[in-house]
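First the structure, in the form of structure tokens, and then the observations on it.
There are 2 protein chains.
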Amino acid sequence: MLRDVAERAGVSLSTVSRVLTGRTPVSKSLRARVESAVAELGYRPNAAAQTLVSGRRRTVAVLARNTLRYGYAATLQGIEEAARASGFVVTIGVVESEDPEAMKSAVDLVLSQPLAGAIVVEFDALGVATLDALPESLPVVAAAGARRKVGSRPHAFLDDETGGREATEYLLGLGHRTVHHVAIPATRARSGRSWGWRAAMKAAGIEPPKVIQASYDPDSGYDAGQRLARDLSVTAVLCGNDELAIGVMRALAEAGRRVPEDVSVVGFDDQPFARMWTPPLTTVSQDFVGLGQRTFRLLAEWTATGRKPRSTSASPRLVVRSSTAAPPA
Amino acid sequence: MLRDVAERAGVSLSTVSRVLTGRTPVSKSLRARVESAVAELGYRPNAAAQTLVSGRRRTVAVLARNTLRYGYAATLQGIEEAARASGFVVTIGVVESEDPEAMKSAVDLVLSQPLAGAIVVEFDALGVATLDALPESLPVVAAAGARRKVGSRPHAFLDDETGGREATEYLLGLGHRTVHHVAIPATRARSGRSWGWRAAMKAAGIEPPKVIQASYDPDSGYDAGQRLARDLSVTAVLCGNDELAIGVMRALAEAGRRVPEDVSVVGFDDQPFARMWTPPLTTVSQDFVGLGQRTFRLLAEWTATGRKPRSTSASPRLVVRSSTAAPPA
DNA sequence: CTGATTTCTGACCAACGTTTGCAGAACCAG
DNA sequence: CTGGTTCTGCAAACGTTGGTCAGAAATCAG
């Protein structure tokens, strides 16, 4: 408690507070005396009391569907790094279900804290719903994939539409007649990367084949791979993420189709295992950690200036490895 | 604010508080009236004020070196799930460096919040140091690998020593003369799984070969794999985790050594990609999510009863897939 | 139906640990 | 002596909880 420090240092309570907050000039000797008392007592200010009286908030909430999956976890890490560097604490709130009751209770739980603001990881439809469930009074920013129609809240984007387009163009450039697509769940009808794939196909004058809708997991990629393996005309597959890609490759391998000799496979995200795969996986590398950092900075700017910041965007880049090649003759 | 709700419902402030805290009997009609006022106003209690006056804390801090790596992220997920189910919020504090200054500032940041308690993910030496940096006055529990000499704080263990032993016994049982080991960094001199490997070797009367020390990453496994590939007497390798295993396998493949025909490789953790590997990876499956849940429950029990709970332990299990076989004749 | 008892409600207040504004005292330099 | 620093104590405020006390309403026994 402040009072103990004041006693120990032989000064008044107000003086200690003034030294600690640093808003008032204080002599060097006094500062030293107070600081040593703080150190001796191991005093830590009570954030609840500080927040209550000053309204200063040093906590940001991260709301996400998941914290384990690579993209989410890496974004969270970026947010945490940036927040810690600025002296903010981050609390996490996992939103598991779109059911309004469950959503409300998850949101209420984190909002019961005094928050400087909230960050929503808007990689899926649940993220959009979460954004809607948050009060307008709170500064809220979002981390998202490709720029699409979104609400009025600032976003940090990671433009996977461009990534999807480039990967598709690359495959077509190798001579493939068409590129099949195994899609992850999306914020809207289609994820950015799916739009990019579609756009590249249309631009090349090719009618996009039917999308194979999958979840995020290798198993689901495996199922998709089994279907693709049956169709011998398939020579190139763009997968919505790396985990799907490895599932697809496993199914292809089991069906006796070689990668990349018979079929080229491209992943998305560049997870750490991708370059160790057999064969090393061609994939679109996305800087999720950087996305998290940018997102936090958006929020920090907002709370510091009081003005809603402009959204920012960054692009992923294609990393060519050995899971892609020209189609068989 | 409470006062607004009271006005809206036409009752006194104390009554609203009584309804909300539920410690005092209140008539149904009044309760309904207050609750509808709460709903109309979208009132959320101010946790800072509640904590300040009642001392009730609903936040637990998770201190970890990392939140992205599989084991850490999965443990965090388990903690979050269990905490949310009990109405607790979790804040994360990444501790990046053992440097006392940096450690203190990271710890101080999260401890400035009013906490019900803290959970340390003690998978590495940094976790041990973090545990030491936490005040005795706070309820602190830890999630850890195999049971070793630890301080007086309750632990939830995931007994990787048993896992390491079983994996090694399995390899020896296949007829391998010896089992090499690529080790992850450890809490102490050796991780539990390394001890288990060593114990199984000694029990079989085999002098354990020199451990190849690695980090956590595929790259580091790749380096280890290159060294192992040079020694043609190597027929079995136990890796400290799955990422190391895939690095080892890539290096072996590049050196022309087949898995499992020439060399058997076993991983650790059973990450989602492990069963999709080529060949599907034999590994020791660890329930990190369950570990996180158990750890939180330890803390919840402590804060509820006021008595320090007893540590708990669970064992991983070996999952045999196709990366292991009898040694070449 | 009355009176006694129990249950519910309102008003008021202290407390939690800080920040911050105010008025003034002590000190120093010029 | 004046003016500027630096420091002091005092007190209000933040939004709750939870205690006390008194009165109103409901319930019950007879």
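Order-wise, the sequence lines are chains A and B.
Counting from 1, position 256 in the first sequence corresponds to residue 256 in the UniProt record's numbering; the numbering is continuous, with no gaps.
Counting from 1, position 70 in the second sequence corresponds to residue 70 in the UniProt record's numbering; the numbering is continuous, with no gaps.
Glycine included, every Cβ here is placed at the ideal spot set by N, Cα and C.
Every value quoted in this text rests on a predicted model; they were computed, and no experiment measured them.
Put simply, the CB of VAL94(B) is near chain A, with a gap under 8 Å to one of its CB atoms. Contact annotation, LEU298(B) with PRO154(B): C-beta distance approximately 5 Å; criterion of less than 8 Å satisfied. Only PRO272, PHE273, MET276, THR278 from the region 269–285 of chain A bring a Cβ to less than 7 Å from some Cβ of chain B. Listed by position along chain B, the residues whose Cβ is nearer than 7 Å to that of SER112(A) are ARG44, PRO45, ALA47.
The beta carbons of LEU244(B) and THR75(B) sit no closer together than 8 Å. If you look at ASP242(A), you'll find it in the alpha helix (DSSP H) that goes 242–254. Listed in chain order, the positions of the region 246–268 of chain A with a beta carbon within less than 8 Å of a beta carbon of chain B are ILE246, GLY247, MET249, ARG250, ALA253.
Interface annotation, PRO309(A): not in contact with chain B, CB-CB separation never under 8 Å.
Contact between the region 274–281 of chain A and the region 295–311 of chain A is absent, with fewer than three C-beta pairs closer than 8 Å.
In chain order, GLY145, ALA146, ASP160, GLU161 place their CB closer than 6 Å to the CB of GLY192(A), counting only its own chain and leaving out the 5 sequence neighbours on each side. In the assembly as shown, MET201(A) is a buried residue. Its beta-carbon has 16 or more other beta-carbons within 10 Å. At least one CB atom of chain A sits nearer than 8 Å to the CB of PRO218(B). Listed along the chain, the chain A residues whose CB falls inside 7 Å of the CB of ASP108(B) are ARG44. For a Cβ distance threshold of 7 Å, nothing in chain B lies close to GLU35(A): the least Cβ distance comes to about 14 Å. For THR162(A), the secondary structure class from DSSP, reduced to helix, strand or coil, is helix. Apart from sequence neighbours up to five positions away, the residues of its chain that approach ALA73(A) with a beta-carbon distance below 7 Å are THR67, ordered along the chain. The residues GLU243, LEU244, ILE246, GLY247, ARG250, in chain order, have a CB closer than 8 Å to that of PRO218(B) in the same chain once the five nearest residues on each side in sequence are set aside. Contact with chain B is found for LEU68(A), since one of that chain's Cβ atoms lies less than 8 Å from the residue's Cβ.
Interface flag for GLN77(A) against chain B is set, since a Cβ pair is found closer than 8 Å. Considering only VAL121(B), ALA37(B), LEU171(B), the residue with the shortest C-alpha distance to ALA236(B) is LEU171(B). According to the DSSP secondary-structure assignment, GLN213(A) is paired through a beta bridge with ALA183(A).
With fewer than 16 other CB atoms across the displayed protein chains lying within 10 angstroms of its CB, ALA329(A) is exposed. Using beta-carbon distances, ALA125(B) does not count as an interface residue toward chain A, since no partner is under 8 Å. Taking 8 Å as the threshold, the shortest C-beta distance from GLU101(B) to chain A does not fall below it. Listed in chain order, the non-local C-beta contacts of SER323(A) below 6 Å within the same chain comprise VAL259, PRO260, VAL265, PRO279, LEU281, THR282, local neighbours out to five positions each way being set aside.
Here GLU122(B) carries a strand assignment [DSSP, helix/strand/coil].
Cα atoms of PHE296(B) and ALA64(A): separation of roughly 20 Å, rounded to the nearest angstrom.
Flagged as an interface residue toward chain A: ALA73(B), by a C-beta distance shorter than 8 Å.
Around SER220(A), the same chain offers ALA214 as residues with beta carbons nearer than 6 Å, after the five sequence neighbours per side are excluded. Nearest to ARG165(A) by alpha-carbon distance, out of SER315(A), SER14(A), PHE123(A), PRO327(A), is SER315(A). Ranking VAL94(A), GLY71(A), ALA82(A), ALA85(A) by CA distance to the CA of ALA82(B) puts VAL94(A) first. With three or more CB-CB distances shorter than 8 Å, the region 223–236 of chain B counts as touching the region 176–188 of chain B.
Residues of the same chain with a CB within less than 7 Å of the CB of GLU301(B), apart from the 5 flanking positions on each side, are PRO309 in chain order.
Sequence-distant Cβ neighbours of GLU35(A) in its own chain, meaning closer than 8 Å and more than five residues away, are VAL19. As the crow flies, the alpha-carbon of ARG44(A) is around 8 Å from that of LEU111(B). Identification of chain A residues near LEU52(B) by a Cβ-Cβ cut-off of 7 Å yields ALA48, ALA49, LEU52, ordered along the chain.
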